[in-house]
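Numbering (this note's numbering), first residue to last: 406 to 965.
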């Protein structure tokens, strides 16, 4: 579907930045960063931030500490960048609400959330390096790039699963605890001929999870304590290995015509080694192979108009998280889960003239063996293949500079997303997909749970000609209703929300600025659903969005 590409900001001058944020629901954040060229081609940047929020619902507070650093070096033909980051985060989980709870009080929290102390603790450290070399005397070979990364991630999550449910010897417990090590290397070469640019490369990645499960309680009867680490119920090592080769060519067929052809071929291996054998050996392995082609054609019809078309085949292997739990609620590797494959088609146009920019696209995606949510219960998700699905729709984006200082933006998405095959799904707890209770058949034609038929964003921003460093804007975000389960028996209502924002920059002196950002979101204070928990087994599908809320952010930037 596309790529979101993020690049660390290059360091061109010495600067120091200090920022503070404050907002509704006890939001507080402090940020500090420094950047400086070091001479001899070296440059360095680093940042620290700390955030905390109380949350607008009970049991919804969170805090996060983040540190990053970047060291770069640039020579005549080479560029090397090294980055490292560390994050620690704790978040309480208020869980979803049922329809009755949502309508009675969207600010409440389900009682079992506080009863079990549902929460998640995350720590992650990652380091990466990239080396790019430019060639001037290697014939068609113009550039090579080698990138590598390594990191670790630890997660501990306390779930709202009753001790009686965990009495099943095959249950993995109500506390998820895993430590992950991961690394990868990507090496590519860029080739150039008169009318052809070619990229070739290989990619190798590895991930190892030491996954454990514990009971989320200790003791029995009156002495029982919930929301604490109890007895070990799961102990295994999960491994995923990926090896890929790829090539992509951009070919100028004529002055106004350009074609793109690409292919990616690889193999993903998943393996589980079970060390908790008192309830049986859950070891297993899965192997996925794929070759995915893509082809595109672009025609520059005029200086303002460009038309494009593309077709591709996709492959999505299950993740270790999707494979971690079986749909019947027992422990062990979900060996029945297959990869999903898709065929994608797109036609589009881009128009650029004067102060007007238009982008329009129509698309269709047909998927086989779609990976869908089987059950959500107590904060734990399991997945299954639901057969064929179809998606088609259109996207429109427009930007218009009406007059100097006044600009407008609009984005609209229309999406038809349906199941093309009937399948059996769970409607309650406990549930096994082969049972005759708490199950039902989802008919072909039902809408895919969690999707909306339409969404839109619009913005009108104004900067006065006599004060170009200040801007005021009004935003409007809207989406259609969201079905919350595969049976389509309930949904979150569609809604539209207005937001206001104001930004201003004041020069302190020739080398320093003070910047202000102020936001008021959900101006009308509407109570709507912000997200849904698809197929929640307890019927707690709805996660309310925040009521009217404000944010004020101050940023001081000094250049040396």
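Backbone N, C-alpha and C define an ideal beta-carbon position, used for all residues, glycine too.
Worksheet item: Given a threshold of 16 other Cβ atoms within 10 Å of its Cβ, counted over all protein chains shown, does residue 625 qualify as buried or as exposed?
Response: In the chain shown, the residue the question calls residue 625 occupies position 220. By the 10 Å Cβ count, residue 625 comes out exposed.
Discussion item. With a threshold of 6 Å on Cβ separation, who are the neighbours of residue 491 within its own chain once the five nearest residues in sequence on each side are excluded?
Written reply: Walking along the chain shown from the start, residue 491 turns up at place 86. Hits under 6 Å: 472 and 530.
Fill in: Option in 621, 689, 646 and 896 with minimal Cα separation from residue 525
Along the chain shown, one-based indexing puts residue 525 at 120. That would be 621, whose Cα lies nearest to the Cα of residue 525.
Discussion item. Let me make sure I understand the geometry here. Which of 601, 641 and 605 has the alpha-carbon closest to that of residue 614?
Written reply: Against the chain shown, residue 614 aligns to sequence position 209. Between residue 614 and the set 601, 641 and 605, the nearest pair of CA atoms involves 641.
Worksheet entry | As assigned by DSSP and simplified to three states, the class of residue 429 | If you number the chain shown from 1, residue 429 lands on position 24. Under the three-state reduction of DSSP output, residue 429 falls in the helix class.
Fill in: Reduced DSSP secondary structure (H/G/I, E/B, other) of residue 408
Position 3 of the chain shown holds residue 408. Collapsing the DSSP output to three states places residue 408 in coil.
Worksheet item: For residue 659, is the beta carbon positioned less than 7 Å from some heavy atom of the ligand SAH?
Response: The ligand content of the structure shown is nil, which means the ligand SAH is not present either.
Discussion item. Going by beta-carbon coordinates alone, are residue 777 and residue 789 separated by less than 8 Å?
Written reply: Translated into positions along the chain shown, residue 777 becomes position 372. Translated into positions along the chain shown, residue 789 becomes position 384. A contact, by the Cβ cut-off of 8 Å.
Discussion item. Suppose contacts are defined by Cβ-Cβ distances below 8 Å. Is residue 714 in contact with residue 758 by that definition?
Written reply: Stepping through the chain shown from its first residue, residue 714 is reached at position 309. Stepping through the chain shown from its first residue, residue 758 is reached at position 353. Contact: no.
Item to complete: Output the distance between the C-alpha atoms of residue 968 and residue 862, rounded to the nearest integer angstrom.
Response: One cannot answer for residue 968 here, as it falls past the ends of the chain, which runs 406 to 965.
Worksheet item: Between residue 896 and residue 886, is the Cβ-Cβ spacing less than 8 Å?
Response: Start at 1 with the first residue of the chain shown, and residue 896 comes out as number 491. Start at 1 with the first residue of the chain shown, and residue 886 comes out as number 481. Remark: C-beta atoms of residue 896 and residue 886 approach each other more closely than 8 Å.
Item to complete: Report the residue from 812, 796, 877 and 811 whose alpha carbon sits nearest the alpha carbon of residue 850.
Response: Within the chain shown, the letter at position 445 stands for residue 850. Selection 812, 796, 877 and 811 evaluated against residue 850 yields 796 as nearest (Cα-Cα).
Item to complete: Measure the CB-CB distance between residue 959 and residue 921 and report whether it falls below 8 Å.
Response: Start at 1 with the first residue of the chain shown, and residue 959 comes out as number 554. Start at 1 with the first residue of the chain shown, and residue 921 comes out as number 516. Yes, they are a contact pair.
Worksheet item: residue 558 to residue 609, Cα distance in whole Å?
Response: As a first step, residue 558 is located in the chain shown; it is residue number 153 there, counting from the start. As a first step, residue 609 is located in the chain shown; it is residue number 204 there, counting from the start. In this structure, the straight-line span from the alpha carbon of residue 558 to that of residue 609 is close to 19 Å.
Worksheet item: What does a CB cutoff of less than 6 Å around residue 933 pick up in its chain, not counting 5 residues either side in sequence?
Response: Position 528 of the chain shown, counting from 1, holds the residue named residue 933. Excluding positions up to five away in sequence, the list reads 900 and 950.
Worksheet item: Per DSSP, what kind of secondary structure is residue 520 in: helix, strand or coil?
Response: Indexing the chain shown from 1 puts residue 520 at position 115. Residue 520 carries a helical assignment under DSSP once its states are collapsed to helix, strand and coil.
Fill in: Nearest-angstrom beta carbon gap, residue 448 and residue 457 [assumed within contact, 8 Å]
Reading the chain shown from its first residue, position 52 is the one you call residue 457. Reading the chain shown from its first residue, position 43 is the one you call residue 448. With 8 Å as the limit, residue 457 and residue 448 do not qualify as a contact, their Cβ atoms being about 32 Å apart.
Discussion item. What residue range does the beta strand (DSSP E) around residue 702 cover?
Written reply: One-based indexing of the chain shown puts residue 702 at position 297. That run of the beta strand (DSSP E) goes 689-705.
Discussion item. Can you check which of these residues, 549, 845, 928 and 532, is closest to residue 538 by C-alpha distance?
Written reply: On the chain shown, position 133 is the one that residue 538 refers to. For the residues 549, 845, 928 and 532, the minimum Cα distance to residue 538 belongs to 549.
Worksheet item: Looking at residue 732 and residue 1053, is the spacing between their C-beta atoms short of 8 Å?
Response: Outside the shown range of the chain, which is 406 to 965, sits residue 1053, and nothing can be said about it.
Worksheet item: Short check: CB of residue 647 to CB of residue 673, under 8 Å?
Response: Within the chain shown, the letter at position 242 stands for residue 647. Within the chain shown, the letter at position 268 stands for residue 673. Yes, Cβ-Cβ distance for residue 647 and residue 673 is below 8 Å.
Worksheet entry | Neighbourhood of residue 603 by C-beta distance below 6 Å, restricted to the same chain and skipping five residues each side | Residue 603 sits at position 198 when you count from the first residue of the chain shown. Cβ within range, chain order: 596 and 654.
Practice prompt. Name the two residues that bound the continuous beta strand (DSSP E) containing residue 962.
Written response: Working through the chain shown from its first residue, we reach residue 962 at position 557. If you look at residue 962, you'll find it in the beta strand (DSSP E) that goes 954-964.
Practice prompt. Assuming residue 523 and residue 543 form a contact by the criterion Cβ under 8 Å, report the distance between their Cβ atoms to the nearest whole angstrom.
Written response: If you number the chain shown from 1, residue 523 lands on position 118. If you number the chain shown from 1, residue 543 lands on position 138. So it is not a contact: roughly 58 Å between Cβ atoms.
Discussion item. I need the boundaries of the beta strand (DSSP E) containing residue 844, first residue and last residue.
Written reply: One-based indexing of the chain shown puts residue 844 at position 439. Per DSSP, residue 844 belongs to the beta strand (DSSP E) from 844-847.
Fill in: Local conformation of residue 495 per DSSP, three classes
As a first step, residue 495 is located in the chain shown; it is residue number 90 there, counting from the start. Here residue 495 sits in strand by DSSP.
Worksheet item: Does the beta-carbon distance from residue 864 to residue 813 come in below 8 Å?
Response: Working through the chain shown from its first residue, we reach residue 864 at position 459. Working through the chain shown from its first residue, we reach residue 813 at position 408. In contact: residue 864 and residue 813 (Cβ atoms closer than 8 Å).
Fill in: Proximal residues to residue 868 (C-beta, below 6 Å), its chain only, five neighbours per side dropped
Translated into the one-based positions of the chain shown, residue 868 becomes position 463. Correct list, in chain order: 810 and 876.
Practice prompt. Please list, in chain order, all residues of the same chain as residue 944 whose beta carbon is under 6 Å from its beta carbon, the five residues on each side excluded.
Written response: Here residue 944 refers to the residue found at position 539 when the chain shown is read from its first residue. Cβ within range, chain order: 503.
Worksheet item: Would the beta-carbon of residue 718 fall within 8 Å of that of residue 694?
Response: Residue 718 sits at position 313 when you count from the first residue of the chain shown. Residue 694 sits at position 289 when you count from the first residue of the chain shown. Not in contact: residue 718 and residue 694 (Cβ atoms no closer than 8 Å).
Worksheet item: First and last residue of the alpha helix (DSSP H) that includes residue 508?
Response: Stepping through the chain shown from its first residue, residue 508 is reached at position 103. DSSP places residue 508 in the uninterrupted alpha helix (DSSP H) bounded by 504-509.
Worksheet item: Does DSSP classify residue 667 as helix, strand or coil?
Response: For the purposes of this step, residue 667 is taken as the residue at position 262 of the chain shown. Three-state result, residue 667: strand.
Worksheet item: Any idea what DSSP makes of residue 798, helix, strand or coil?
Response: In the chain shown, residue 798 corresponds to position 393, counting from 1. Residue 798: strand per DSSP, three-state reduction.
Worksheet item: Secondary structure at residue 626, three-state DSSP: helix, strand or coil?
Response: Translated into positions along the chain shown, residue 626 becomes position 221. Residue state, collapsed to three classes: helix.
Discussion item. Let me check one thing: in DSSP terms, what residues is residue 490 bridge-paired to?
Written reply: Along the chain shown, one-based indexing puts residue 490 at 85. Note: residue 490 sits in a beta bridge opposite 473 and 531.
Practice prompt. Would you mind sorting residue 581 into buried or exposed? The rule is 16 or more other CB atoms within 10 Å of its CB.
Written response: Walking along the chain shown from the start, residue 581 turns up at place 176. Counting the other CB atoms within 10 Å of its CB gives residue 581 a total of 16 or more, which places it among the buried residues.
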